[in-house]
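A short worksheet on the structure shown next.
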Amino acid sequence: SQQGEEDPQALSIQEGENATMNCSYKTSINNLQWYRQNSGRGLVHLILIRSNEREKHSGRLRVTLDTSKKSSSLLITASRAADTASYFCATDAGFQKLVFGTGTRLLVSP
Amino acid sequence: GAVVSQHPSWVICKSGTSVKIECRSLDFQATTMFWYRQFPKQSLMLMATSNEGSKATYEQGVEKDKFLINHASLTLSTLTVTSAHPEDSSFYICSASPSLTGRGSYEQYFGPGTRLTVT
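Heads up: the protein sequence lines correspond to chains Z and V, in order.
Letter by letter, the first sequence follows residues 18 to 127 of our numbering.
Letter by letter, the second sequence follows residues 7 to 125 of our numbering.
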């Protein structure tokens with residue numbers, strides 16, 4: 018399977034804490050993207066990092082990419098209850114076909 | 007941002023019947039759309055790539071005769087699940103990209119998904 022792996026599978030934290038999720042993939046990529054999915058809903062695009070970038074920020078989100086290790090991390094700072102969702106990384110190896118990771122279920126308690 | 011809609015949002019059908027799911031890009035044209043399925047608490051698995059004006063490209067293991075895809079226009083792709091069985095029950099999600107060439111590093115916009123339950 019080409020599917021990426023994410024860890025942890027589940028993460029439970031308190032509001033205000035930081036949440037870090039990791040993603041590993043198997044093939045060379047053009048870019049890596051992170052998505053959020055609320056239960057039973059569609060996906061919301063969070064951030065895209067290109068293969069020649071190492072770090073990217075967007076609001077409370079910080080994404081890193083290490084192509085030598087074929088891994089990426091998503092950091093959510095000062096988490097809120099509204100951040101409770103599943104988070105998926107997805108790699109684009111070409112022609113916009115995305116391969117999704119297994120996902121991390123984040124629970125942020127008030 | 008770009009909006010992708012799906013219809014219906016949920017559907018219940020009996021075994022042996024066919025169900026059509028629509029995916030529309032509302033404010034942009036998409037030469038390429040993608041169809042995914044997602045089982046509960048699992049990740050999304052790409053089923054097929056839908057190309058406007060040509061045949062869809064199916065991923066390995068996906069039955070093209072069972073999951074019929076028609077990309078009739080630059081804003082509409084449909085997925086028809088034929089002769090549905092309970093094991094076809096799943097969450098089906100489409101995505102579209104406002105890319106003209108189908109290549110490059112562009113984000114995809116996802117529809118809200120369609121939950122199919124086959125009884």
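Glycine included, every Cβ here is placed at the ideal spot set by N, Cα and C.
Cβ contact annotation for Val-61/Z (same chain, cutoff 6 Å, sequence separation greater than five): Arg-53, in chain order. The residues Thr-84, Thr-86, in chain order, have a CB closer than 6 Å to that of Lys-26/V in the same chain once the five nearest residues on each side in sequence are set aside. Counting only runs of at least 3 residues, the stretch 20-74 of chain Z fully encloses the following beta strand (DSSP E) elements, listed from N- to C-terminal order: 22-24, 27-31, 36-41, 48-54, 60-67. The three-state reading of DSSP puts Ala-102/Z in strand, counting E and B together. Below the 7 Å Cβ cutoff, chain V contributes Leu-52, Thr-55 as neighbours of Lys-114/Z, in chain order. Using a CB distance cut-off of 8 Å, Gly-118/Z counts as an interface residue toward chain V. Only those residues of the stretch 48-66 of chain Z whose C-beta falls short of 8 Å from the nearest C-beta of chain V are listed: Asn-48, Gln-50, Tyr-52, Gly-57, Arg-58, Gly-59, Leu-60, Val-61, His-62, Leu-65. Sixteen is the threshold: since fewer than 16 other Cβ atoms of the shown chains lie within 10 Å of the Cβ of Glu-72/Z, the residue is exposed. Judged by DSSP secondary structure, Ser-31/V falls within the beta strand (DSSP E) whose first and last residues are 25-31. The stretch 32-73 of chain V is shown to contain whole beta strand (DSSP E) runs of 3 or more residues at 38-44, 50-57, in chain order. For the stretch 30-50 of chain V, the set of residues with a beta-carbon nearer than 9 Å to any beta-carbon of chain Z comprises Thr-38, Phe-40, Tyr-42, Gln-44, Lys-47, Gln-48, Ser-49, Leu-50, in chain order.
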